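Protein chains: 2
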Amino acid sequence: MNQDIIVSIDAMGGDNGPSVIMAGCARALTRHPSLSFILHGDEAELKKCVEELPALKEKIKIVHADVSIAMDEKPSQALRSGRGTSSMWKALQSVKDGDAHLAVSAGNTGALMAMSKFCLRMMPGVDRPVIAAIWPTLRGETIVLDVGANIGADARQLATMGVLGAAMARALLPVKKPSVGLLNIGEEEIKGQDNVREAAELLRHWDLKSLEYYGFVEGTDIGQGTTDVVVTEGFAGNIALKTAEGTAKQLSTYFRQAMASSFMARIGAFFAAGALKYLRRKLDPRRSNGGVFLGLNGIVIKSHGSIDGLGFAHAIEIGVDMAINDLNDKIQTDVALISAKTEIIVEQDEQKA
Amino acid sequence: MNQDIIVSIDAMGGDNGPSVIMAGCARALTRHPSLSFILHGDEAELKKCVEELPALKEKIKIVHADVSIAMDEKPSQALRSGRGTSSMWKALQSVKDGDAHLAVSAGNTGALMAMSKFCLRMMPGVDRPVIAAIWPTLRGETIVLDVGANIGADARQLATMGVLGAAMARALLPVKKPSVGLLNIGEEEIKGQDNVREAAELLRHWDLKSLEYYGFVEGTDIGQGTTDVVVTEGFAGNIALKTAEGTAKQLSTYFRQAMASSFMARIGAFFAAGALKYLRRKLDPRRSNGGVFLGLNGIVIKSHGSIDGLGFAHAIEIGVDMAINDLNDKIQTDVALISAKTEIIVEQDEQKA
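Going down the list, the protein sequences come from chains A and B. To convert, note that position 256 of the first sequence is 256 in our numbering; the numbers rise steadily by one, no gaps. Heads up, our numbering is the position in the second sequence plus 1000, with the first residue counted as 1.
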């Protein structure tokens, strides 16, 4: 597919201002020369920034927005102050209006979630958005969701997440029928939460061609890449994600300390410099930047707020991959299928009654 | 303190049989020569094993048990088949009868939890046991609880866990007034679960001299060692623990692969061999083996089932540290204090009404 993808950018979102966001756009452009951008934000400021990025100049359209959403604004407050007027809202509006294929923001997560729901609305059959992360594993990459959009999830919501995650896996990973695991705890004394067990039954019952239900997985399985998709509710998912980030940072520190701990170790580090550089690159958190909002009528990517150009470019590229691979069409087809299958159960139940 | 500690051992628990358990006892003895052991299990088998461990011979008393609890037995089934008769139950009974200072088992977690509750009973003021893990961090060690005894926890249970964890921290870590954090998710759109917020209020209200309530922490804070104690309910706690284990394994694999990825890297690994050996030792999961059951009238340590002698010795040593430092006295004093403080609130509320 050689589509020209148009990316709508909330240029005012994030901790580091529009210059970093635009540097990210320029970097994404070098890898995907057919991209173009609609940049939403303070026109004067954006024009000034673009002066330093000549390559970007012909690939952008600047749309002025009066309001910028602050990083610490509450979602309800952000909706009141920024609905229709903010760079964040306008970035979403471009997707809604069909002017762009996806929106990317490094702004306030809660505000972006609330505005996405209001502006783009939920897909039929999905009742709330979830955030999916692309998790680097020993086997490649695994989609983990929900990593923090909602606390708690009932069986149906968990099972639906499996369907959304599998569609995303088919769009991003080299896999046709992704395996889906439900995150659970394996201790014998606890047979898992009721909702998790019921979600397993639903996924088995739906028996979709688009995914392979694997069964329960544990925390250790995520990093091993046991399944292509791991489903959990947002509280545990966010804690898993943050704990893994913390552990990765901790081990990298140990390793760095070890390689500088003695004269001999430093000689070793000198010889292994090439390998260590490759490893640093592999572990660079900027290369896994970009949370994906799933379940909306449109592709929305949330970048970390404190990211630099390289990280923001990565978030853009995830969204571009999903647009090229028609993520939302895939999701809609699958969700329609489970709605139909669930209706059959309801009808059967009614006939019995 | 130069106490002679007696350790009661479920010699039949674990995946690898009594010879490994007893090798662990022998190893613990070399570091704590004043220890002695009561070994519960099949007398003939244990006698045979001890022949190969002459140092252990004078330090043990073997108590025969007819029944061994299987690793996959359900807790209810284990209670029926093993109450009063199994090596696991008898190991706990020795603690109850005052014959031993602590019990250690590498057996079935669920069965051990159920038997501990029945045999030792809960401490007054604590309504259910929790499992605490000692988590290696960049600053030293952090106590994380609950890592899987119970799914879900109300505000009072979470706050009580803070008190139990702080007592354990005072027994094990070089800290007089441990800092306690409540694990939460930091996204702006979600203000955290109600129970977590209410637990924070309780801890602030109790205002105990035995701990410093720090506030909310996120998953990333655990590995950084931000607080001495991290409190969460068992589902999220177990997932955090297993996810960290998985991530540590994943990064260790990356390091190993990097140091073998080229001729130059292998030369580097040769020079850095000493440092890398130290690092391997530091990351050895056997050195963080040993989950602690808190809230019972007695000290019970759960070892991983698939552990070797070194790992089992580590689990014993954790329990010995806690016995020497009067963990349960510390807990009882603190729990009595919070019960008194809560009664005052209840009385005030009644007067108002």
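Backbone N, C-alpha and C fix where the C-beta goes; we use that ideal spot for every residue, glycine too. Bear in mind that the values here come from a model prediction, so they are computed numbers and not experimental data.
query, result
"Among the candidates A/D308, A/D154, A/A199 and A/W89, whose CA atom is the shortest distance from the CA of A/G290?", "A/D308"
"Nearest by alpha-carbon distance to A/G41: which of A/C49, A/D10 and A/E245 is it?", "A/D10"
"Residues of chain B with CB under 8 Å from A/P262, in chain order?", "The residue you asked about is not Pro; residue 262 of chain A is Ser in the sequence shown. Those are G1274 and A1275, listed as they occur along chain B."
"Mind listing the chain A neighbours of B/M1259? Cutoff is C-beta to C-beta under 8 Å, in chain order.", "A272 and A275"
"Going by C-alpha distance, which of A/A169, A/L35 and A/S261 is nearest A/I355?", "Nothing can be reported for residue 355 of chain A, as the shown portion of chain A is limited to 1 through 353."
"Cβ of A/D221 less than 8 Å from any chain B Cβ?", "yes"
"Nearest-angstrom Cα distance between B/L1172 and B/G1319?", "10 Å"
"Measuring straight from C-alpha to C-alpha, what distance separates B/N1025 and B/L1056?", "Reading the sequence as shown, one finds Cys at residue 1025 of chain B and not Asn. Between B/C1025 and B/L1056, the C-alpha separation is close to 8 Å."
"Chain B beta carbons: is any one of them nearer than 8 Å to that of A/K242?", "yes"
"Consult DSSP for B/P1136 and reduce its assignment to one of helix, strand or coil.", "strand"
"Counting C-beta neighbours from all protein chains within 10 Å, is the total for A/F263 16 or more, i.e. buried, or is it exposed?", "exposed"
"Just the Cα atoms here: how many angstroms apart are A/R139 and A/S86?", "41 Å"
"Nearest to A/M123 by CA position, among A/K341, A/I338, A/A340 and A/N328, is which residue?", "A/N328"
"Could you compute how far the alpha carbon of B/V1231 sits from the alpha carbon of B/G1165?", "8 Å"
"Please compile the residues from chain B whose C-beta is within a distance smaller than 7 Å of the C-beta of A/V218.", "According to the sequence provided, residue 218 of chain A is Glu. The question's Val does not apply to it. What A/E218 touches in chain B: K1242."
"Tell me the DSSP secondary structure of B/H1032 in three-state form.", "coil"
"Quick one: using the 10 Å Cβ neighbour count with 16 as the cut-off for buried, is B/K1048 buried or exposed?", "exposed"
"Just the Cα atoms here: how many angstroms apart are B/M1001 and B/F1037?", "Reliability of the predicted coordinates at B/M1001 is poor, the pLDDT of 42 falling under 50, and the value obtained from them is presented with this limitation in mind. Between B/M1001 and B/F1037, the C-alpha separation is close to 19 Å."
"State the Cα-Cα distance for the pair A/H304 and A/G246, rounded to the nearest angstrom.", "16 Å"
"At what residue ranges does the stretch 7-85 of chain A contain a whole run of the beta strand (DSSP E), taking only runs of 3 or more?", "36-41 and 60-64"
"With burial defined as no fewer than 16 other Cβ atoms inside 10 Å of the residue's Cβ, what is the status of B/P1054: buried or exposed?", "exposed"
"Could I get the ranges of all uninterrupted beta strand (DSSP E) runs contained in the stretch 126-188 of chain A, with 3 residues as the minimum, in chain order?", "130-137, 140-145 and 179-183"
"So, for A/L211: in the same chain, excluding its five sequence neighbours on each side, which residues have a beta-carbon less than 6 Å away from its beta-carbon?", "A166, P178 and V180"
"In or out: B/F1118 buried (at least 16 other Cβ within 10 Å) or exposed?", "exposed"
"Please report how far the alpha carbon of B/G1236 lies from the alpha carbon of A/S252, in whole angstroms.", "Note on residue identity: the sequence assigns Ala, not Gly, to residue 1236 of chain B. Answer to the nearest angstrom: the Cα atoms are 24 Å apart."
"For the beta strand (DSSP E) that A/K302 lies in, which residues bound it at each end?", "I299 to K302"
"With distance defined between alpha-carbon atoms, name the residue in B/E1058, B/H1032, B/M1259 and B/V1217 nearest to B/A1240.", "B/V1217"
"For A/V229, write down the residues that DSSP places opposite it in a beta bridge.", "A/I143 and A/V180"
"Looking at A/F312: is its Cβ nearer than 8 Å to the Cβ of A/I62?", "no"
"If you draw a straight line from the C-alpha of B/Q1250 to the C-alpha of A/D66, how long is it?", "46 Å"
"Compute the Euclidean distance between the alpha carbons of B/E1189 and A/N238, then round it to the nearest angstrom.", "The pLDDT assigned to B/E1189 is 41, lower than 50, so where the model puts this residue is not dependable; a value taken from the coordinates is nonetheless given after this. When rounded, the distance between both Cα atoms is 13 Å."
"Does the beta-carbon distance from A/I338 to A/V163 come in below 8 Å?", "yes"
"Rounded to whole angstroms, what is the Cα-Cα separation between A/I131 and A/Q193?", "21 Å"
"Output yes if chain A places a C-beta closer than 8 Å to the C-beta of B/L1145; else output no.", "no"
"Give every residue of the same chain whose Cβ lies closer than 7 Å to the Cβ of A/I143, excluding the five residues on either side of it in the sequence, and list them in chain order.", "A132, I134, G165, M168, A169, D228 and V229"
"To the nearest angstrom, how far is it from the Cα of A/Y213 to the Cα of A/E201?", "10 Å"
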